[in-house]
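Read through the structure below, which is laid out as structure tokens, and then see the notes.
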Amino acid sequence: MDLTDLQARLGGADLSALQALNEQDAARLSVLIEHACEHQSETLKQASEQALKHIPALLRPAVRKLLF
Amino acid sequence: MSELLQQAELEKLAVTLDAPLSQLAFLGAYEVETLRALRNSVSAALFDRQVKRFQRLADSTKLLPNKLVAMITVKVIPPMLSAQITGLLEPDDAVDLASRLDVEYLADVCVAMDPRRAAAVLCAMPSTTVVEVAMEMQRRRAFMPMARFVDALTDEQISAVAQRMSAEGLLHVGFFVESQARLSQLIGLLDEEQLSATMPAAAADQGAMWPQALSMVERVDQTQRARLSNVLSSVSPDVLDSLTRALFEQELWREALPMLEAMDDAAQEIVVAALASHADQAGQPDHLESFAQSLSERLQRKIQIALGRV
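Here the protein sequences come in this chain order: A and B.
Position 54, counted from 1, in the first sequence is what the numbering used here calls 58; the numbers after and before it change by one each time, with no gaps.
Position 63, counted from 1, in the second sequence is what the numbering used here calls 64; the numbers after and before it change by one each time, with no gaps.
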């Protein structure tokens with residue numbers, strides 16, 4: 005995946021600093037960034053779902069609406 | 002010296018990427034500035050892509066009592082996630098929440114946090130909380146993450162932490178602080194007793210901390226450099242011996258140059274005499290004389306006199 009593709013996948017994030025790396029290293033770092041993104045998304049999802057389980061039933065719909 | 006800074010940057014990048022340090026070995030050949038730019042860029046990218054969800058999580062805390070939020074946080078919100086959300090909370094809410102969380106959890110959050118995004122919240126924290134968390138981070142030897150907070154905390158908070166930190170901890174943290182201006186302010190907040198403990202701390206453990214100490218002296222402004230350097234006029238012979246050994250054996254001459262030039266006459270006399278004595282004993286007076294050529298004429302002459310060359 006080239007830098008433009010990675011930036012697009014990250015919602016247009018500015019990753020111009022990666023241009024200081026050679027092609028091979030930029031590609032390796034891109035893989036790590038992708039893993040970090042996936043892990044971040046999964047952590048957020050799990051935390052939000054788990055948090056809901058601890059919220060009193062009466063408040064749960066309002067919090068769920070806010071979170072998802 | 003730059004190897005230590007480079008290692009520190011790689012460690013910070015590993016934390017940002019939530020990846021083992023070993024996976025970043027391929028970046029080992031890049032300059033510190035490049036690694037710093039990479040880390041800032043990746044950190045901003047990871048935050049920005051989820052900022053709306055982070056904000057929603059932060060907003061959801063307003064619907065619930067803080068006691069419940071604290072309980073849920075510890076049970077299901079990983080510190081890495083709390084670190085991202087902290088800066089989006091209202092400072093008063095964040096302070097109240099922090100008072101309900103245990104210090105171990107708060108330290109975990111701080112290790113993962115980019116303090117620049119949470120400056121308002123951090124400045125609102127009572128110094129007692131800041132000190133407790135800082136002591137936990139010092140206990141874990143998380144000096145590099147601690148240094149990132151020096152820019153974000155108030156002078157009052159920094160001063161409170163500095164009063165409680167070990168001299169060794171101060172050397173580690175000082176070495177990792179990025180802003181030279183802020184590092185100078187940090188040293189300016191230390192009293193004479195704390196300052197005088199820094200050089201013996203550098204000499205402990207067979208002089209292992211001299212590179213960090215000399216780097217710190219080199220990076221602070223003229224006033225603080227003189228204060229730190231003049232500590233050497235009143236240290237024990239063991240500390241002086243450790244310094245001279247480090248200069249000769251670890252080849253720290255270039256790093257020591259700013260410190261030697263910044264000293265007052267009394268400190269210079271003492272250090273120059275120790276250097277000349279070590280050079281004589283080690284049979285390396287030429288080595289010292291060669292280094293002296295990069296010093297000011299005044300200091301060169303002092304070294305030549307101490308070596309009996311004049």
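A virtual CB, placed ideally from N, CA and C, is assigned to each residue, including glycine.
- For A/N26, there is no enclosing alpha helix (DSSP H), as DSSP marks it with neither H nor E.
- Counting only the Cα atoms, B/S230 lies some 19 Å from B/H279.
- Linking B/H173 to B/E12 through their CA atoms gives a straight-line distance of about 14 Å.
- In this structure, B/Q195 lies away from B/G170, with their beta-carbon atoms at least 8 Å apart.
- Per the coordinates, the alpha-carbon of B/D192 lies some 28 Å from the alpha-carbon of B/R255.
- The residue from B/L244, B/L258, B/F55 and B/F249 with its alpha-carbon nearest to that of B/R220 is B/L258.
- Between B/Q269 and B/L276, the C-beta gap is not smaller than 8 Å, which leaves the two residues out of contact.
- Close partners of B/T35 in chain A (Cβ separation under 9 Å): A21, A24 and L25.
- B/A204 is the residue among B/A204, B/T199, B/Q213 and B/A95 whose C-alpha sits nearest the C-alpha of B/P238.
- Boundaries of the alpha helix (DSSP H) harbouring B/R246: P238 to E250, taken from the DSSP string.
- Counting only the Cα atoms, B/K303 lies some 50 Å from B/R118.
- When the alpha-carbon of B/E252 is set against those of B/L289, B/D222, B/A227 and B/A263, the nearest one is in B/L289.
- Among the residues facing chain A, B/P21 is not included, as its CB has no counterpart in that chain under 8 Å away.
- Not a single C-beta of chain A is nearer than 8 Å to the C-beta of B/R226.
- When the alpha-carbon of B/I159 is set against those of B/L190, B/Q8 and B/A182, the nearest one is in B/L190.
- B/D152 is positioned such that its CB atom lies closer than 8 Å to that of B/P116.
- At a cut-off of 8 Å between beta carbons, A/D29 contacts chain B.
- Beyond the five residues adjoining it in sequence on each side, B/M114 comes within less than 7 Å, by CB distance, of A84 and T87 in the same chain, given in chain order.
- Taking all protein chains shown into account, B/A267 has fewer than 16 neighbouring C-beta atoms within 10 Å of its C-beta and is therefore exposed.
- Its chain contains S83, L98, L102 and Y106 as the residues whose beta carbon lies nearer than 8 Å to that of B/T74, once the 5 sequence neighbours on both sides are disregarded; these appear in chain order.
- Contact annotation: B/A46 and A/L19 have beta-carbon atoms nearer than 8 Å.
- As the crow flies, the alpha-carbon of B/L184 is around 24 Å from that of B/S42.
- Rounded to whole angstroms, the separation of the alpha carbons of B/V104 and B/T62 is 20 Å.
- Taking C-alpha positions only, B/L18 is separated from B/F55 by approximately 17 Å.
- Using a CB distance cut-off of 8 Å, A/R32 counts as an interface residue toward chain B.
- Annotation: B/P66 to B/P201 spans about 49 Å, alpha carbon to alpha carbon.
- Taking A/V35 as reference, the option from B/R226, B/F27 and B/R165 with the minimal CA-CA separation is B/F27.
- Taking all protein chains in view, the Cβ of B/E10 is crowded by 16 or more other Cβ atoms within 10 Å, so the residue is classified as buried.
- Nearest neighbour of B/V122 by Cα position, chosen from B/E91, B/M136 and B/A227, turns out to be B/E91.
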